[in-house]
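What follows is a short report on a single structure.
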Amino acid sequence: MCGRFSQHYTWEQVHAFSQPLANALPPAQGNLPPRYNIAPTTHVHMIVPTEGGRELRSARWWLIPSWWKKGIKEVPSTFNARVETVDTSPMFRDAFKRKRCIVPASGFFEWTGPKTDRTPHYFSAADSGLLGIAGLWESWKSPEGEEVTSCTMVVRDADEWTARYHDRMPSFLQPGDFDAWLSGSAGKELLRKTPPTLQEWVVDKRVNKTGQGDDDPATIAPLNETVL
């Protein structure tokens with residue numbers, strides 16, 4: 006599963022990647038704050054379709070279905086949606102039909118080794134470009150009346166190369182497939198297409214922690230000179 010990833014790109018880069026964004030102007034602060042070690046329940050960027058075109062929005066990474074009646078802390082694990090059940094699971098099926106998104110990512114993490122001594126690995130596109138992860142989003146109102154926008158990433162069986170590290174991987178979309186996914190015209194077959202070529206390297210175990218002190222470029226830096 007994908008439980009940690011990064012979003013460190015300029016406004017111009019994500020604008021071009023989305024082909025383009027309707028909200029063409031950068032944020033008031035001039036650019037997007039880089040995130041290198043993003044964990045579930047924190048806010049992430051997602052690309053969603055609107056009447057005016059694609060927009061970059063913020064969402065809590067842990068999907069809450071619109072019908073959820075309990076508190077936010079009682080939602081079961083929904084930061085990943087398995088491709089096998091994304092269209093049938095009560096937690097995801099409504100969003101699969103009507104609220105799809107793309108999560109632009111710079112890379113993601115997986116771990117290998119025994120539980121007592123896990124080794125973190127960082128994966129990114131071999132051409133160093135952005136990765137488009139298929140996602141779903143929802144809008145939910147808490148019992149107290151708070152509006153929360155949330156999202157999830159779709160995951161699939163790993164391809165042969167990635168399976169050396171983990172049995173699952175994100176469902177990646179190629180730019181030519183963005184429209185078909187976001188419009189809802191494509192089914193699950195799009196989520197199983199050949200993924201982009203990836204590269205991998207081992208990173209420092211600092212990434213095992215989360216928080217302001219463990220979210221900087223050093224968390225994705227190669228621990229040694231070997232990049233596969």
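The working numbering puts the sequence shown at residues 6 to 233.
By construction, the Cβ of each residue, glycine as well, lies at the ideal position given by its N, Cα and C atoms.
Note that the structure is a prediction, hence the values are computed from the model and not measured.
request  = With DSSP as the reference, please indicate the residues paired to residue 204 in a beta bridge.
outcome  = Within the sequence shown, the letter at position 199 stands for residue 204. For residue 204, which the question treats as bridged, DSSP gives the partners 129.
key: DSSP state of residue 77 mapped onto helix, strand, coil   = For the purposes of this step, residue 77 is taken as the residue at position 72 of the sequence shown. Of the three classes helix, strand and coil, the one that applies to residue 77 here is helix, per DSSP.
ask   = Per DSSP, residue 155 forms a beta bridge with which residues?
value = Against the sequence shown, residue 155 aligns to sequence position 150. Beta-bridge pairing links residue 155 to 65 and 143.
query = Is the beta carbon of residue 118 sitting closer than 7 Å to the one on residue 11?
reply = In the sequence shown, counting from the first residue as 1, residue 118 sits at position 113. In the sequence shown, counting from the first residue as 1, residue 11 sits at position 6. It is not a contact, given that the beta carbons lie outside the stated cut-off.
Through-space distance from residue 172 to residue 9, alpha-carbon basis = Residue mapping note: residue 9 aligns to position 4 of the sequence shown, counting from 1. Residue mapping note: residue 172 aligns to position 167 of the sequence shown, counting from 1. Distance between the alpha carbons of residue 9 and residue 172: 16 Å.
request  = Spell out whether any CB of chain D is found under 7 Å from the CB atom of residue 184.
outcome  = Of the protein chains in this structure there is only one, and it is not chain D.
ask   = How many Å lie between residue 168 and residue 125 at the Cα?
value = In the sequence shown, the residue the question calls residue 168 occupies position 163. In the sequence shown, the residue the question calls residue 125 occupies position 120. Using only the alpha carbons, I get a separation of about 15 Å.
query = Do you know offhand how far residue 141's Cα is from residue 223's?
reply = By one-based count along the sequence shown, residue 141 stands at place 136. By one-based count along the sequence shown, residue 223 stands at place 218. Residue 141 and residue 223: Cα-Cα distance of roughly 30 Å.
ask   = Alpha carbon to alpha carbon, what distance is there between residue 156 and residue 175?
value = In the sequence shown, counting from the first residue as 1, residue 175 sits at position 170. In the sequence shown, counting from the first residue as 1, residue 156 sits at position 151. Their backbone Cα atoms lie some 14 Å apart in a straight line.
request  = Classify residue 184 as helix, strand or coil using the three-state DSSP reduction.
outcome  = Here residue 184 is taken as the residue at index 179 of the sequence shown, counted from 1. Note: residue 184 maps to helix in three-state DSSP.
request  = Below 7 Å CB to CB, which residues in the same chain sit around residue 64 once its five sequence neighbours on both sides are set aside?
outcome  = Sequence index remark: in the sequence shown, residue 64 carries index 59 (1-based). Around residue 64: 48, 49, 51, 142, 154, 155 and 156.
query = Where DSSP assigns a beta bridge to residue 160, which residues make up the other side?
reply = Numbered from 1 along the sequence shown, position 155 holds the residue referred to as residue 160. Beta-bridge pairing links residue 160 to 87 and 175.
ask   = Between residue 131 and residue 18, is the Cβ-Cβ spacing less than 7 Å?
value = Within the sequence shown, the letter at position 126 stands for residue 131. Within the sequence shown, the letter at position 13 stands for residue 18. Cβ atoms of residue 131 and residue 18: not closer than 7 Å.
ask   = What do you get for residue 86, buried or exposed, if any count of 16 or more other CB atoms within 10 angstroms of its CB means buried?
value = Counted from its first residue, the sequence shown places residue 86 at position 81. Buried: at least 16 other Cβ atoms inside 10 Å.
query = Cβ-heavy atom distance between residue 115 and the ligand GDP below 6 Å?
reply = Of ligands this structure carries none, so the ligand GDP is not represented either.
task = Throw me the rounded Cβ distance for the residue 189 and residue 103 pair, which I believe falls under 8 Å.
result = Translated into the one-based positions of the sequence shown, residue 189 becomes position 184. Translated into the one-based positions of the sequence shown, residue 103 becomes position 98. That belief holds up - the Cβ atoms of residue 189 and residue 103 are roughly 7 Å apart, short of 8 Å.
ask   = Which two residues bound the contiguous beta strand (DSSP E) that contains residue 105?
value = Along the sequence shown, read from residue 1 onward, the residue named residue 105 stands at position 100. Looking at the DSSP string, the run of the beta strand (DSSP E) that includes residue 105 is 105 to 110.
inquiry  = Please return the same chain residues whose Cβ sits closer than 7 Å to the Cβ of residue 39, not counting the five positions on each side in sequence.
reply    = For the purposes of this step, residue 39 is taken as residue 34 along the sequence shown, with counting starting at 1. 13, listed in sequence order.
query = Hey, how far is the Cα of residue 6 from the Cα of residue 94?
reply = Stepping through the sequence shown from its first residue, residue 6 is reached at position 1. Stepping through the sequence shown from its first residue, residue 94 is reached at position 89. Taking the straight line joining both Cα atoms gives about 17 Å.
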